[in-house]
Amino acid sequence: MRRSLARHQRAVGLLLAGLGAASIGACTEDTLTGVDPDSAPGAGQATVEIELSATELPAWRDTTYTDYALAATSASKFVAQTADIRARILARFGTLPDSVFVGGERLAVERFESGRLRLVFDTTGSEVPEAGGSVEAYALTRDFVTREATWSNAADGDPWTAPGGDLGELLGALEIEELAADTMFLPLTVETDSLLRAWRAADGGTGLALLSPVDGTVLAVEQVVLAFDVKPVGRDTLVETLRSPTANTFVFDPPTPAPGAGLRLGGLPAARTYVSFELPESLSGVELRGARINRATLLLTSTGTPPAPFATTDTLLASIFSLLSNPFEFGPKTPVGVNTSNPVQILPEDMEAGGDLQLSITALVQNWAASDPDSMPELNLGVRVLPEGGGLAYWEFGHREDPARAPRVRIVFTPSTGFDLP
Numbered sequence: 000m001r002r003s004l005a006r007h008q009r010a011v012g013l014l015l016a017g018l019g020a021a022s023i024g025a026c027t028e029d030t031l032t033g034v035d036p037d038s039a040p041g042a043g044q045a046t047v048e049i050e051l052s053a054t055e056l057p058a059w060r061d062t063t064y065t066d067y068a069l070a071a072t073s074a075s076k077f078v079a080q081t082a083d084i085r086a087r088i089l090a091r092f093g094t095l096p097d098s099v100f101v102g103g104e105r106l107a108v109e110r111f112e113s114g115r116l117r118l119v120f121d122t123t124g125s126e127v128p129e130a131g132g133s134v135e136a137y138a139l140t141r142d143f144v145t146r147e148a149t150w151s152n153a154a155d156g157d158p159w160t161a162p163g164g165d166l167g168e169l170l171g172a173l174e175i176e177e178l179a180a181d182t183m184f185l186p187l188t189v190e191t192d193s194l195l196r197a198w199r200a201a202d203g204g205t206g207l208a209l210l211s212p213v214d215g216t217v218l219a220v221e222q223v224v225l226a227f228d229v230k231p232v233g234r235d236t237l238v239e240t241l242r243s244p245t246a247n248t249f250v251f252d253p254p255t256p257a258p259g260a261g262l263r264l265g266g267l268p269a270a271r272t273y274v275s276f277e278l279p280e281s282l283s284g285v286e287l288r289g290a291r292i293n294r295a296t297l298l299l300t301s302t303g304t305p306p307a308p309f310a311t312t313d314t315l316l317a318s319i320f321s322l323l324s325n326p327f328e329f330g331p332k333t334p335v336g337v338n339t340s341n342p343v344q345i346l347p348e349d350m351e352a353g354g355d356l357q358l359s360i361t362a363l364v365q366n367w368a369a370s371d372p373d374s375m376p377e378l379n380l381g382v383r384v385l386p387e388g389g390g391l392a393y394w395e396f397g398h399r400e401d402p403a404r405a406p407r408v409r410i411v412f413t414p415s416t417g418f419d420l421p
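FYI, in numbering that gives the first Met the number 0 the residues of the sequence shown are 0 to 421.
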């Protein structure tokens, strides 16, 4: 059953109970130790808990901004062939040497030998069918723009001839019986010297694509490295050489849907939630500004599980941070301040049932309560997933115009206590 929480402000009348103090008619010669503690000046105030919906705060604004991490900058890149997703890695190697150091002497390259791709897998995020899987490397016949390439396009406005990349010659294949090790080598079966000389002459050329032809394969690849041996001129020795890609991304289908009205965290391109709001200076005559803030929480209510392949059973981390300006004036590039609390787990079992993500904003509200109204009239904050760009998974939450799931702010505070001498 979907959780249902109160959406209205808790009765502040509890606050007023016990706030009265007995009148003291005139000063006497009694010492302070003789005064009844219940009527002593500066008697303590009751602690109050309130919950305010975004719909109750007229200055509340929230939105989703994206592109904080792209497939090209993702820590893991994917090769996949399943009913839910197809994904391929694109890479280009543009720094192939024309000479190498041997014994402190630089010698020209006579030839390249034994080309291979070293693949480093995240085995916990990868799976192959029981019968085994494979990865194949194909030469690309068209160039790609790293930050713009998608399953449909080699660059913005420039579609592939065949979705997923225009494939040419098969360069090699790796059979994977099981993912027992995180590092494997895909041997290049074409003539290494000819291939690498062509790439060197063209600053990497059009590059290559890594894909799997086997249904049920998902491989999270953390590194793709070109390894090869160099035969220097005039020497019989071979020098093992490694090169990282000068361009590297992955393309996938279906594409990540654009954020709707809801507030999104995570995904690729990575999305953040930005919020700006004002708190009331007082509630039912009780000052909130100047009060002692014991705890303050931002509650975001999940809209449920996203469609495949963007759902996850993994626990993600949400981090909340301050913004140095109003994000509705400066947009996605609003300057970011400090993280204001420890990261919070996003538990799939809670989110799929429409549960609440509870984010501490105690430090932000404490600063607001202690500040002059003119110096801090509003609170500006952002929420992101850590690490950004770690995968395709995202979660979405209700926004202000979704009353049943609108964000809420819960505050536990103690009003300031006056101290008047009798």
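Just so it is clear, CB atoms sit at the ideal spot from N, CA and C, and this is done for glycine as well.
- Per the coordinates, the alpha-carbon of residue 226 lies some 7 Å from the alpha-carbon of residue 239.
- When C-alpha distances from residue 319 are compared across 131, 384, 367, 355, the shortest belongs to 384.
- In the structure shown, the three-state DSSP call for residue 223 is strand.
- Shown here for residue 101: same chain residues with a beta carbon closer than 7 Å to its own, the five before and five after excluded, namely 231, 234, 236, 238 in chain order.
- In the pairwise beta carbon analysis, the region 111 to 130 is classified as touching the region 169 to 181: at least three pairs are separated by under 8 Å.
- In this structure residue 312 is exposed. Its beta-carbon is surrounded by fewer than 16 other beta-carbon atoms within 10 angstroms.
- Counting only unbroken stretches of 3 or more residues, the beta strand (DSSP E) elements lying wholly within the region 204 to 272 are 207 to 210, 216 to 231, 238 to 242, 246 to 252, 262 to 265, in sequence order.
- Inclusion of residue 193 and residue 133 in the CB contact set at 8 Å is not warranted, their separation being larger than that value.
- Note that the region 387 to 399 touches the region 53 to 67; at least 3 beta-carbon pairs, one per stretch, sit closer than 8 Å.
- Residue pairing by DSSP puts residue 183 in a beta bridge opposite 118.
- Within its own chain, the residues whose Cβ lies closer than 7 Å to the Cβ of residue 308, once the five positions on either side in sequence are excluded, are 83, 84, 391, listed in chain order.
- For the 8 Å CB-CB criterion, residue 190 and residue 169 do not form a contact.
- With a contact defined as Cβ atoms closer than 8 Å, residue 300 and residue 396 qualify at about 6 Å.
- Looking at 273, 151, 372, the one whose alpha-carbon comes closest to that of residue 329 is 273.
- Between the beta-carbon of residue 248 and that of residue 358 there is about 32 Å, and that puts the pair past the 8 Å contact cut.
- In the structure shown, the three-state DSSP call for residue 364 is helix.
- Within the DSSP bridge table, the entry for residue 147 names no partner.
- Excluding the 5 residues flanking it on each side, residue 105 has same chain C-beta neighbours closer than 6 Å at 98, in chain order.
- When rounded, the separation of the alpha-carbon atoms in residue 153 and residue 351 is 35 Å.
- Distance from the CA of residue 283 to the CA of residue 44, rounded to the nearest whole angstrom, comes to 15 Å.
- A residue is called buried once 16 or more other Cβ atoms fall within 10 Å of its Cβ, and residue 184, having fewer, is exposed.
- If you ignore the 5 residues before and after residue 339, its C-beta comes within less than 7 Å of the C-beta of 319, 320, 321, 360, 362, 363, all in its own chain and listed in chain order.
- Here residue 323 is not near residue 345, since their CB atoms are 8 Å or more apart.
- By the 16-neighbour rule on beta-carbons within 10 angstroms, residue 256 is exposed.
- Residue 250 and residue 47 have their C-alpha atoms some 52 Å from each other.
- In the three-state reduction of the DSSP assignment, residue 349 falls in the helix class, which pools H, G and I.
- Around residue 290, the same chain offers 368, 412, 413, 414, 415 as residues with beta carbons nearer than 8 Å, after the five sequence neighbours per side are excluded.
- Rounded to whole angstroms, residue 260 and residue 79 show a C-alpha spacing of 30 Å.
- Using a Cβ distance threshold of 8 Å, residue 277 and residue 58 count as a contacting pair.
- C-alpha of residue 403 to C-alpha of residue 93: approximately 54 Å in a straight line.
- Scanning 50, 61, 137, 51 for the CA closest to the CA of residue 263 turns up 61.
- For the 8 Å CB-CB criterion, residue 265 and residue 159 do not form a contact.
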